[in-house]
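One structure is given below, encoded as structure tokens.
Residue numbers (this note's numbering): 11 to 87.
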């Protein structure tokens with residue numbers, strides 16, 4: 011299992027299948043932890059249909075966990 015710390019919510023093609031747990035800290039200093047593969051696999055069709063995911067091979071959000079993924083976050087501090 012790989013642990014990754016970032017400053018934004020991120021789903022990347024390069025992390026798919028690597029069983030990565032990501033912890034990010036947003037601008038309000040709130041920490042959120044989620045399983046990258048679980049979020050990606052649950053919303054795979056949605057991510058794959060996004061222009062940014064096709065062009066940049068990633069989806070990011072610097073402020074919060076997207077509303078459609080909030081049920082999959084594991085910890086909010």
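Where is the CB? At the ideal position from N, CA and C, for every residue including glycine.
Distance from the CA of residue 20 to the CA of residue 63, rounded to the nearest whole angstrom, comes to 11 Å.
For residue 68, the secondary structure class from DSSP, reduced to helix, strand or coil, is strand. Between residue 42 and residue 11, the beta carbon gap of about 17 Å keeps them out of contact (Cβ cut-off 8 Å).
The Cβ neighbour count for residue 57, taken over all protein chains shown within 10 Å, is at least 16; the residue is labelled buried. Under a 10 Å Cβ-count criterion, residue 66 is classified as exposed, with fewer than 16 other Cβ atoms of the shown protein chains found around its own Cβ.
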